[in-house]
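K.L.:
Read in order, the letters of the sequence shown are residues 13 to 437 in the numbering used here. Yeah, the Cβ is synthetic: ideal placement off N, Cα and C, and Gly gets one too. Quick caveat: nothing in here was measured; it's all calculated off a predicted structure.
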Amino acid sequence: MFHSLKFLYKFGYYTLCLNLFTNLKSIQHMKIVLLNLLILLSFSSSAKNKTWAYINEEGETVFTIDAISVYEFHSGLARVYKYTLVNNKWITGYGFIDKTGKVVIDCNLIKAQDFNAEVTWVKFKNQNYYRLIDKNGNIIPTKKYEKTGNFYSFQKDICAVYEDGKMGFIDSTGKEIIPCKYTGSSTFTEGLASVCNYNSIKGEYGFINKKGEEVIPLKFVQSGTSSFHKGLARAQVYGKTVLIDKKGETIFKTSKGNIQGHNHGLVMVFTKPNRKAWGWLNFNNEFVIKPIYSNAKNFNDDGYSIVEKNGLKGIIDTSGKVVMDLKYKPVYSDYKKNGYYMGVYPSKEAKSLYDSKKDYFNTDFVLINTSAYKHISPANFGNLLPFTAKNGKAGYLNHQYEVVIQAKYSRVKTFHKGFAWVLLN
Numbered sequence: 013m014f015h016s017l018k019f020l021y022k023f024g025y026y027t028l029c030l031n032l033f034t035n036l037k038s039i040q041h042m043k044i045v046l047l048n049l050l051i052l053l054s055f056s057s058s059a060k061n062k063t064w065a066y067i068n069e070e071g072e073t074v075f076t077i078d079a080i081s082v083y084e085f086h087s088g089l090a091r092v093y094k095y096t097l098v099n100n101k102w103i104t105g106y107g108f109i110d111k112t113g114k115v116v117i118d119c120n121l122i123k124a125q126d127f128n129a130e131v132t133w134v135k136f137k138n139q140n141y142y143r144l145i146d147k148n149g150n151i152i153p154t155k156k157y158e159k160t161g162n163f164y165s166f167q168k169d170i171c172a173v174y175e176d177g178k179m180g181f182i183d184s185t186g187k188e189i190i191p192c193k194y195t196g197s198s199t200f201t202e203g204l205a206s207v208c209n210y211n212s213i214k215g216e217y218g219f220i221n222k223k224g225e226e227v228i229p230l231k232f233v234q235s236g237t238s239s240f241h242k243g244l245a246r247a248q249v250y251g252k253t254v255l256i257d258k259k260g261e262t263i264f265k266t267s268k269g270n271i272q273g274h275n276h277g278l279v280m281v282f283t284k285p286n287r288k289a290w291g292w293l294n295f296n297n298e299f300v301i302k303p304i305y306s307n308a309k310n311f312n313d314d315g316y317s318i319v320e321k322n323g324l325k326g327i328i329d330t331s332g333k334v335v336m337d338l339k340y341k342p343v344y345s346d347y348k349k350n351g352y353y354m355g356v357y358p359s360k361e362a363k364s365l366y367d368s369k370k371d372y373f374n375t376d377f378v379l380i381n382t383s384a385y386k387h388i389s390p391a392n393f394g395n396l397l398p399f400t401a402k403n404g405k406a407g408y409l410n411h412q413y414e415v416v417i418q419a420k421y422s423r424v425k426t427f428h429k430g431f432a433w434v435l436l437n
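So, in structure tokens, the structure goes:
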């Protein structure tokens with residue numbers, strides 16, 4: 013039987029069927045043939061691929077497609093990964109479909125990124141470098157870069173590329189607008205990216221704009237992971253971490269701790285070696301939240317921070333008030349993205365997030381009754397939240413945590429611009 017399967021892949025299932033029927037000698041052989049035919053059916057396109065439906069927020073199916081994996085639509089096209097029969101041989105590859113489910117770029121790519129811009133990077137079979145293509149599948153001439161970044165949805169006009177380990181940037185026409193001579197950040201925030209000259213001995217960093225102009229001189233140490241937030245960025249001056257403005261001038265410095273970030277008028281610092289004793293200063297250099305935490309994350313835009321003490325995590329607000337008790341590990345604090353706050357209870361046994369005991373909270377940190385559900389997945393900014401019922405089937409909840417699309421699918425993905433992928437089998 014296994015030889016027959018190998019034969020299938022080498023010559024195609026039609027040839028295998030002919031070979032088996034030609035050599036029929038008995039009823040026993042007939043049983044073997046039928047068994048192999050059943051196996052062949054299991055290796056058909058619809059069996060190898062899975063059937064996905066593209067649905068709207070009312071649960072209505074727009075179209076279905078057979079594929080291994082499906083991804084969100086960007087610029088009118090969605091990336092898919094699927095089996096395709098070519099010359100009686102099944103091959104796997106990435107391609108792109110339009111919003112009717114029609115394949116518009118063949119699934120023969122070994123790697124592909126989403127069309128966040130009107131172009132994207134792909135890699136063809138038997139090639140060890142990426143090619144830039146447009147939405148019609150036409151190749152846009154570029155150098156043969158060893159590595160590429162992304163044309164992000166928040167950065168559609170420029171993309172990092174790498175040549176001999178050095179980073180530069182191209183635009184969406186494939187033109188190199190910043191030469192490959194840097195290391196550092198591949199993304200721009202507030203119009204600037206933190207970079208270092210590739211051949212720099214001391215590793216001094218500064219900031220460039222999208223024209224490649226070094227608007228803040230490359231003179232700082234260890235600002236390489238820094239980015240601008242509300243007009244300020246971290247940099248190191250004379251061995252001390254400070255906050256600088258877009259002119260490169262020091263705006264805030266302190267001797268009370270090592271600066272790690274800022275938000276809501278508060279500067280996050282750790283005050284002891286090995287990154288211990290975290291707290292927050294105001295811009296008058298006064299502790300607003302004492303350095304009592306063993307670890308912490310900067311305040312998010314909603315004004316909440318995940319903090320840790322004695323190995324357990326919770327959430328505080330900008331006044332230092334505990335709004336989620338420190339009894340979890342880990343904690344999820346991005347309500348706008350997830351559609352809830354969540355704390356996962358520690359466990360002595362290794363468990364997946366799906367199987368772990370957890371608490372969900374609404375926007376006011378009131379505990380949500382989720383006893384009817386096995387798991388609620390993040391909404392990822394969508395209007396509906398994917399959930400898994402006790403029977404393992406999946407559906408969707410609204411933001412009042414009420415079922416609006418029944419749990420009848422094998423798997424569901426998050427809604428994106430009013431539509432989502434669901435797995436039917």
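1. Count the other CB atoms, across all protein chains shown, that sit within 10 Å of the CB of G251; report buried if there are 16 or more and exposed otherwise.
2. Under three-state DSSP, which class holds N120?
3. Assuming F240 and E216 make a contact with CB atoms under 8 Å, what is their CB distance in whole Å?
4. Counting along the chain, where does the beta strand (DSSP E) carrying K94 start and finish?
5. Which runs of the beta strand (DSSP E) spanning at least 3 residues fall entirely within the stretch 361 to 406, listed in chain order?
6. So, helix, strand or coil for Y250, using DSSP?
7. Distance, Cα to Cα, I417 vs V434?
8. Helix, strand or coil, according to DSSP, for N275 in the structure here?
9. So for Y142, helix, strand or coil by DSSP?
10. One question on the structure: do H428 and E84 come within less than 8 Å of each other, judged by their Cβ atoms?
11. Can you list, in chain order, the residues of its chain whose CB lies under 7 Å from that of G315, leaving out five sequence neighbours each side?
12. Following the continuous alpha helix (DSSP H) through Y347, name the residue where it begins and the one where it ends.
13. Rounding to the nearest angstrom, what Cα-Cα distance links L52 and K159 in this structure?
14. Assuming D257 contacts G243 under a Cβ cut-off of 8 Å, what Cβ separation, rounded to an integer in Å, is found between them?
15. Less than 8 Å between the beta carbons of Y352 and K369, yes or no?
16. Taking Y141 as the reference, give the member of T253, D78 and K156 with the closest Cα.
17. Which of the three DSSP states, helix, strand or coil, is assigned to K187?
18. Name, in chain order, the residues that DSSP records as bridge partners for R287.
19. Once the 5 residues before and after T104 are set aside, which same chain residues still bring their CB inside 6 Å of it?
20. Taking K288 as the reference, give the member of S267, N221 and K321 with the closest Cα.
21. Can you say whether S197 is buried or exposed, counting buried as having 16 or more other CB atoms within 10 angstroms of its CB?
22. Using a Cβ-Cβ cut-off of 7 Å (strictly less than) and excluding sequence neighbours within five positions of K259, which residues of its own chain qualify?
23. Using three-state DSSP, classify K60 as helix, strand or coil.
24. What did DSSP end up calling K104 once you bin it into helix, strand or coil?
25. Would DSSP call Y174 helix, strand or coil?
26. Are the beta-carbon atoms belonging to Y421 and A401 less than 8 Å from one another?
27. Considering just the uninterrupted stretch of the beta strand (DSSP E) at I328, what are its terminal residues?
28. Whole-angstrom Cβ separation of C192 and V207, contact assumed at under 8 Å?
29. For L409, which three-state DSSP category applies?
30. Sorted by chain position, which residues of the same chain lie with C-beta nearer than 6 Å to K135's C-beta, five sequence neighbours on each side aside?
31. Taking F219 as part of the beta strand (DSSP E), name the residues at either end of that continuous run.
32. Alpha carbon to alpha carbon, what distance is there between G355 and Y408?
33. Could you check where the beta strand (DSSP E) with F75 kicks off and where it finishes?
P.N.:
The structure says:
1. Note on G251: under 16 other CB atoms within 10 angstroms of its CB, so exposed under the neighbour-count rule.
2. Shown here, N120 sits in a strand according to DSSP, grouped into three states.
3. Contact between F240 and E216 is ruled out by a C-beta separation of about 18 Å, above the 8 Å threshold.
4. Per DSSP, K94 belongs to the beta strand (DSSP E) from L89 to V98.
5. If only complete runs of 3 or more residues are kept, the stretch 361 to 406 shows the beta strand (DSSP E) at 370 to 373, 385 to 388 and 397 to 401, in order along the chain.
6. Of the three classes helix, strand and coil, the one that applies to Y250 here is coil, per DSSP.
7. Note on geometry: alpha-carbon atoms of I417 and V434 lie some 11 Å from one another.
8. Of the three classes helix, strand and coil, the one that applies to N275 here is strand, per DSSP.
9. In the structure shown, the three-state DSSP call for Y142 is coil.
10. Yes, the Cβ-Cβ distance between H428 and E84 is below 8 Å.
11. The beta carbon of G315 is closer than 7 Å to those of H276, D329 and T330 in its chain, skipping five residues each way along the sequence.
12. For Y347, the enclosing alpha helix (DSSP H) has its first and last residue at Y347 to N350.
13. Residue placement at L52 is flagged as unreliable, the pLDDT there being 49, under the threshold of 50; the coordinate-derived value follows with that caveat. L52 and K159: Cα-Cα distance of roughly 40 Å.
14. Contact holds; Cβ gap of about 6 Å.
15. Taking 8 Å as the Cβ cut-off, Y352 and K369 do not qualify as a contacting pair.
16. Measuring from the Cα of Y141, the nearest candidate turns out to be K156.
17. DSSP, reduced to helix, strand and coil, places K187 outside both helices and strands of the structure shown, so it counts as coil.
18. Its beta-bridge partners do not exist; DSSP assigns none.
19. Excluding residues within five positions, the ones whose Cβ falls inside 6 Å are Y95.
20. From the listed residues S267, N221 and K321, the smallest Cα separation to K288 is found for K321.
21. So S197 ends up on the buried side.
22. For K259, where only same-chain residues beyond five positions count, there are no Cβ hits under 7 Å.
23. Helix at K60.
24. The displayed chain sequence assigns Thr, not Lys, to residue 104. DSSP places T104 within a strand segment (E or B) once states are collapsed to three.
25. Here Y174 sits in strand by DSSP.
26. No.
27. Unbroken beta strand (DSSP E) run through I328: L324 to D329.
28. Rounded, the Cβ-Cβ distance is 11 Å, inconsistent with contact.
29. Strand at L409.
30. These residues qualify, in order along the chain: I122, K123 and Y142.
31. Note, F219: beta strand (DSSP E), E216 to I220.
32. Rounded to whole angstroms, Y408 to G355 spans 21 Å at the Cα level.
33. In the DSSP annotation of this structure, the continuous segment of the beta strand (DSSP E) that includes F75 starts and ends at T73 to A79.
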